[in-house]
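Working notes, structure below.
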Amino acid sequence: MPELPEVETIARGLRATILGKTISSATVSLKKMAVAPPGLVFQEAVLGERITAISRRGKYAVLELRSGRALVISLRMTGRLVVQQAGDPPYPYTYVELTMTDKSRLAFADVRQFGRVRLVERGEAWDSALGVEPFSGAFTPERFIAMLSGRTTPIKAFLLDQRRIAGVGNIYACEALWEAGIRPGTPAGRLTKPAIRRLHHALVNVLERAIDMRGSSVDDYVDAEGLKGGFQNVLSVYGRAGGKCPRCRGEIVRTVIAQRGTWWCSKCQK
DNA sequence: CTGAGATCCTGGGGGC
DNA sequence: TGCCCCCAGGATCTCA
957 MPELPEVETI
967 ARGLRATILG
977 KTISSATVSL
987 KKMAVAPPGL
997 VFQEAVLGER
1007 ITAISRRGKY
1017 AVLELRSGRA
1027 LVISLRMTGR
1037 LVVQQAGDPP
1047 YPYTYVELTM
1057 TDKSRLAFAD
1067 VRQFGRVRLV
1077 ERGEAWDSAL
1087 GVEPFSGAFT
1097 PERFIAMLSG
1107 RTTPIKAFLL
1117 DQRRIAGVGN
1127 IYACEALWEA
1137 GIRPGTPAGR
1147 LTKPAIRRLH
1157 HALVNVLERA
1167 IDMRGSSVDD
1177 YVDAEGLKGG
1187 FQNVLSVYGR
1197 AGGKCPRCRG
1207 EIVRTVIAQR
1217 GTWWCSKCQK
C-alpha cells in the first residue's frame, strides 16, 4: 500500500515527467473515482489546465494547476499513478486518464476502485484533518511526547491515525516500532520518554531509508514509471510471521491491532 | 473529543 | 486439477 515513501517517490517521478505540461483531454470511465466541486464536471474542468507544481502531503499526491485549483490524489491500497507515452497500450484498470498536449498520458489505475482523484478549489482546506508531516520541523521529539500523553490507544493504532501524523501506514508503523524495540499494543500514554524519543528517531529514519530505496513493493505499488521499489527486500518484521528477528533471532509474530495485521518480534519488542 | 465498527472492492490464497 | 469462499486494508462515515 502506498504510504509516505511510495507517494514521495511517485511525486518525484511525476515532477520529472509531467510537470509543466498542459492537459488536453480527460477520460473518466468510473465516475466515483474522479470528484469535482459542486456544479463542475471533472473532465471539463481540468481541460486546458497546466500542471504548475507537484508535491506530497501525507499519503496524498498533489498536482497544482494554473488556475489555482489542484488535483489531490489518494491511492489507498492498490491505486497507481503511471505516466505513459504516446503509443503505449492502455494501462490495466485505468479509470481516470489525463492526456497532455504532447500526447503523454497520466493513468490513474486501481483494481479495487478505492482510490480517488479530487479536484479542489484554490485555497480549499482539503488537508485540514491531516496531522503533522514527519519530516517537518514541527515534528519534534517533545511534540511527539506531548501528543502521546494520556492516550490509551495502542501506539500502533496512534501511528496509523492520519489526524495525528500524516503519511505513516501499516508497513512503516510496524518497522519503526521494531526499530525502536516497542511492543505495538502498548498504550501510547504509557511509553517512557526515552522510548518515545527512540520511536521518533526510528520513524523519521525508516521513512528516509525507504524513500532512498524508492519505496516498498509489498503488494501492488509501482512508481510513476511503473517500476517496483526496493525496500520490501530489507523489511525487518512486516509480513514475516514465523521468521526470525534480525536483531535477536526471536520469533516474529502476527497479531491484529486496530483491525490491521501487525508484525513484531515477541522477544525484543517490550 | 475519542474510539470502535461498518463500508467499499476484487484478486488471489486456502480449503476441499 | 478445479472450483468456491472469503479475506485484506485506508479513509470516511456513523454511532456510542
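According to the working numbering, the residues represented by the first sequence are 957 to 1226, in order.
Where is the CB? At the ideal position from N, CA and C, for every residue including glycine.
Open item on the list: Between which residues of its own chain and Gly1087 is the CB-CB distance below 7 Å, once the five residues before and five after are set aside?
Closed with: Translated into positions along the first sequence, residue 1087 becomes position 131. Closer than 7 Å at the Cβ level, and outside the excluded window around Gly1087, lie Gln1118, Arg1119, Arg1120, Ile1121, Ala1122.
- [ ] Just mark Val1038 as buried or exposed, buried being the case when its beta carbon has 16 or more other beta carbons within 10 Å.
- [x] As a working mapping, residue 1038 is identified with position 82 in the first sequence. When all chains shown are included, Val1038 counts as buried.
TODO: Answer yes if the segment 976-989 comes into contact with the segment 1048-1061, meaning at least three C-beta pairs across the two stretches below 8 Å, and no otherwise.
DONE: yes
Task: Rounded separation between Asn1189 and Leu1147 - CA only - done: Taking the first sequence and counting its residues from 1, the one referred to as residue 1189 is at position 233. Taking the first sequence and counting its residues from 1, the one referred to as residue 1147 is at position 191. Their backbone Cα atoms lie some 30 Å apart in a straight line.
- [ ] Can you have a look at Glu964 and say buried or exposed, based on whether 16 or more other CB atoms are within 10 angstroms of its CB?
- [x] To locate residue 964, count along the first sequence from 1; it is residue 8. Answer is buried; the Cβ neighbour count reaches 16.
Open item on the list: Do Leu1031 and Pro958 count as a contact pair if the criterion is CB distance below 8 Å?
Closed with: If you number the first sequence from 1, residue 958 lands on position 2. If you number the first sequence from 1, residue 1031 lands on position 75. Cβ atoms of Pro958 and Leu1031: closer than 8 Å.
TODO: Give me the Cβ distance between Pro1140 and Thr1218, rounded to the nearest whole Å; I'm assuming they're in contact under 8 Å.
DONE: Residue 1140 sits at position 184 when you count from the first residue of the first sequence. Residue 1218 sits at position 262 when you count from the first residue of the first sequence. Contact holds; Cβ gap of about 5 Å.
Task: CA-to-CA distance, Leu1116 to Asp1058, given in whole angstroms - done: Within the first sequence, residue 1058 is the residue found at index 102, counting from 1. Within the first sequence, residue 1116 is the residue found at index 160, counting from 1. Roughly 40 Å between the two C-alpha positions.
Open item on the list: Let me check understanding here. Comparing Cα to Cα, which of Asn1126, Glu1098, Gly1199 lies closest to Pro1150?
Closed with: Residue numbering aside, residue 1150 sits at position 194 when the first sequence is read from its first letter. Answer by Cα proximity: Glu1098.
- [ ] Quick one: using the 10 Å Cβ neighbour count with 16 as the cut-off for buried, is Arg1078 buried or exposed?
- [x] Mapped onto the first sequence, residue 1078 falls at position 122. Looking at its Cβ environment, which holds fewer than 16 other Cβ atoms inside 10 Å, Arg1078 is exposed.
Task: From Val1160, Arg1022, Lys1015, Cys1224, residue whose alpha carbon lies closest to that of Gly1137 - done: Here residue 1137 refers to the residue found at position 181 of the first sequence. The shortest Cα separation from Gly1137 among Val1160, Arg1022, Lys1015, Cys1224 belongs to Cys1224.
Open item on the list: What would DSSP say about Asp1058, mapped onto helix, strand or coil?
Closed with: To locate residue 1058, count along the first sequence from 1; it is residue 102. Coil.
Task: Backbone CA spacing between Ser1105 and Asn1161 [nearest angstrom] - done: As a position in the first sequence, residue 1105 is number 149, starting the count at 1. As a position in the first sequence, residue 1161 is number 205, starting the count at 1. Their backbone Cα atoms lie some 23 Å apart in a straight line.
Task: CB-CB length for Gly976 against Arg1006, believed under 8 Å - done: In the first sequence, counting from the first residue as 1, residue 976 sits at position 20. In the first sequence, counting from the first residue as 1, residue 1006 sits at position 50. Under the criterion of beta carbons closer than 8 Å, Gly976 and Arg1006 qualify as touching, at roughly 7 Å.
TODO: Please work out which residues of its chain come closer than 7 Å, Cβ to Cβ, to Tyr1047, disregarding the five sequence neighbours upstream and downstream, and give them in chain order.
DONE: Stepping through the first sequence from its first residue, residue 1047 is reached at position 91. Once the five neighbours on either side are set aside, the close Cβ partners of Tyr1047 are Val1038, Gln1040, Ala1063, Ala1065.
Open item on the list: Taking the alpha carbon of Lys1184 as the reference point, which residue from Met1103, Ile974, Met1169 has its own alpha carbon closest?
Closed with: Working through the first sequence from its first residue, we reach residue 1184 at position 228. Of the listed residues, the one whose Cα sits closest to Lys1184 is Met1169.
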